[in-house]
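First up is the structure itself, then whatever we jot down about it.
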Amino acid sequence: MEVIQLDHKYHHYVPQMYLRAFSQNNKSIGGYILSENKYVNNMSIAGICGRKYLYGEDLEVERWFSDLESIWSSIIRKIISSESLELSPDEWTYLYMFIYLSEARTSMAADRLDDIVTKTYKIAALTARNHGKLEMTDDRIRQLQVRGDKPNLPLLKAFPKGIEVIEDLIPVLLINHTSREFITSDNPVLRYNYLFIMRNYLSNYGLGHVGIQLFYPLNPILCLMLYDGGVYNLKSENGKKIINAPDQIIELNKLFARNARNLVLFQNTTKEWIIDKYTKGIKTSVERDPNCILENEIGEFMIAYSFPSVRYKAKLSFCEINRMAYLYPFPRHAAGPLRPGIEDKLDSFAIPRENSRIICSNFVRNDSWD
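Per the numbering used here, the sequence shown starts with residue -10, numbered consecutively.
As structure tokens, then:
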């Protein structure tokens, strides 16, 4: 009984069932720790990508994920065994949930949300002090720290809207026919926007943006990709794209490594010199794209908040930008250009498609979550 209790304390933000697809023995996986520049051939899957009570001590969210992971595991196994995306409507909805929630549940998402709340409190303290309503030193304000019991909860509750926002993207299964293998990380879903990079547009990558691309390696051979079909030309057959050029896998792996928070993960047999090529010069996510407090000349404050975006200019010849996309008008404000119809979806919170409605009613527990 004690072992079960210990398992429930350690909440995995990257599912073990997902990581096992990169393992040769279902127990361990290769890893590279960015903050230590350290290659580890065998890391216990049970002991990584988790945090004590990340989703709260009442275990409500943890049990919710446990229920979902049994369904997700079946769908991912089906994709891997068939090397295809031939899924039922319900399976597609669960797959979209898997993609969205895989990003929303991570420790990085939790810490950045905690950080934004902390900075909000600091701004409130600074403003109150500047108006003579609070006596607090700069040191005290700097030391303010807020930690939520379930910091990921706002993002988790938003998953019906998340499904709505990404379901217009075109899905394709990238099939790796090279000697190089896909890698993954402790932040496995990569948001990328090659259009923004090529146009030197500095906005971070939102799910509703024009040109968004999502990559999710499923095992060393397969990678799920969702992309904006109005921007990119990608020749595929029956939802599959076979990649025969090793340089394309190398470029994708450089992106996956740069998307890591601190831990790059891969099949145990991957050699250290190969991982060194992917990780050379990479900073941890803590060192890049921090949330920051900005102050203007009259003492007004603004929080610059975003999730880290990978700025590496990858050479992905299998996915080219349409010429017309270079002519799209891009706004100067930070919100960035949205895809057609996305603004309406963002305004109407959680109006899921018909089969989503049934699934969402079974799994949304907003009323019971604190």
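Backbone N, C-alpha and C define an ideal beta-carbon position, used for all residues, glycine too.
Where in the stretch 24 to 105 do unbroken runs of the alpha helix (DSSP H), each at least 4 residues long, occur, reported from the N-terminal end onward?
Fully enclosed alpha helix (DSSP H) runs of 4 or longer: 49 to 71, 78 to 93.
Backbone secondary structure at K304 - three-state DSSP:
K304: coil per DSSP, three-state reduction.
What's the call for W262, buried or exposed, on a 16-neighbour Cβ count within 10 Å?
Exposed.
Opening and closing residue of the alpha helix (DSSP H) in which F185 lies:
Start and end: 183 to 187.
Among residues of its own chain, excluding the 5 on either side of L162, which ones have a beta-carbon nearer than 8 Å to its beta-carbon?
Cβ within range, chain order: I68, E72, S73, L74, L211, C212, L213, M214, G228, K229, K230.
Span separating the alpha-carbon of R131 from that of L76:
If I take the Cα positions, the gap works out to 51 Å.
Do the CB positions of P177 and S91 come within less than 8 Å of each other?
Contact: yes.
Hey, how far is the Cα of T258 from the Cα of Y42?
Rounded to whole angstroms, T258 to Y42 spans 32 Å at the Cα level.
Using DSSP with H/G/I as helix, E/B as strand and the rest coil, what is F148?
The answer is helix: DSSP assigns F148 an H, G or I state.
Using the rule of at least 16 other Cβ atoms within 10 Å of the residue's Cβ for burial, across every protein chain shown, is D138 buried or exposed?
With fewer than 16 other Cβ atoms from the protein chains shown falling within 10 Å of its own Cβ, D138 counts as exposed.
Distance, R66 Cα to I112 Cα
C-alpha separation (whole angstroms): 48 Å.
Keeping to the same chain, check which residues put their C-beta closer than 6 Å to that of Y7; ignore five residues upstream and five downstream.
Closer than 6 Å at the Cβ level, and outside the excluded window around Y7, lies no residue.
With S141 and R101 assumed to form a contact (beta carbons below 8 Å), what rounded beta-carbon distance in angstroms separates them?
In the sequence as displayed, the identity of residue 141 is Asn instead of Ser. Taking 8 Å as the upper bound for CB-CB distance, N141 and R101 are not in contact here, some 10 Å apart.
Round the Cβ separation of Y110 and L144 to the nearest angstrom and send it over; I've been treating them as touching at under 8 Å.
So it is not a contact: roughly 20 Å between Cβ atoms.
Within the continuous alpha helix (DSSP H) that includes L244, where are the two ends?
Run containing L244: 235 to 248, per the alpha helix (DSSP H) assignment.
Give the single residue among M86, I239, F148 whose Cα lies nearest to the Cα of Y301.
Among M86, I239, F148, the Cα nearest to that of Y301 is on I239.
Express the C-alpha separation of F204 and G197 in angstroms, rounding to a whole number.
One C-alpha to the other measures close to 15 Å.
Exposed unless 16 or more other CB atoms sit within 10 angstroms - verdict on T126
Around the C-beta of T126, fewer than 16 other C-beta atoms lie within 10 Å, and the residue is accordingly described as exposed.
According to the Cβ coordinates, are Y267 and I186 closer than 8 Å?
Contact check for Y267 against I186 fails: the beta carbons are separated by 8 Å or more.
Find out if the Cβ-Cβ distance for the pair D157, R328 is shorter than 8 Å.
The Cβ atoms of D157 and R328 sit closer than 8 Å to each other.
Would you tell me roughly how many angstroms separate the C-alpha atoms of E226 and G45, rounded to the nearest one?
If you draw a straight line from the Cα of E226 to the Cα of G45, it comes to about 44 Å.
Can you list, in chain order, the residues of its chain with a C-beta nearer than 7 Å to that of H0? Leave out the 5 residues immediately preceding and following it.
Exclusion of the five residues before and after H0 leaves G39, R40, Y42, L43, Y44, E51 as the residues of its chain whose Cβ lies within less than 7 Å of its Cβ.
Quick test of your reading: I201 and R188, contact by CB under 8 Å. State the CB separation rounded to the nearest angstrom.
The pair is not a contact, with the Cβ atoms about 14 Å apart (cut-off 8 Å).
Between R312, N165, Y190, K304, which has its C-alpha nearest Y221's C-alpha?
Nearest of R312, N165, Y190, K304 to Y221, Cα basis: R312.
In whole angstroms, what separates the C-alpha of Q5 from that of S62?
C-alpha separation (whole angstroms): 10 Å.
Closest to S33 by C-alpha separation, out of N242, L305, A99, N15, would be which residue?
If you compare the alpha carbons of N242, L305, A99, N15 with that of S33, the shortest gap goes to N15.
Using DSSP bridges, identify the partner residues of I155.
In the DSSP output, where bridge partners are listed per residue, I155 has none listed.
Which residues DSSP lists as bridging T268, in chain order
T268 pairs with nothing; no bridge assigned.
Cβ atoms of G325 and S168: under 8 Å apart, would you say?
Contact: no.
Own chain residues within Cβ distance below 8 Å of E80, not counting five before or after
Cβ neighbours of E80 beyond the five flanking positions: I64, K67.
To the nearest angstrom, report how far apart G219 and V299 are at their CA atoms.
CA-CA distance, G219 to V299, rounds to 22 Å.
If the criterion is Cβ atoms closer than 8 Å, does the pair L252 and A10 meet it?
Cβ atoms of L252 and A10: not closer than 8 Å.
Distance, D236 Cα to A48 Cα:
Residue 48 is actually Leu in this sequence, not Ala. Going by C-alpha positions, L48 is about 44 Å away from D236.
Three-state secondary structure (DSSP) of Y315
Helix at Y315.
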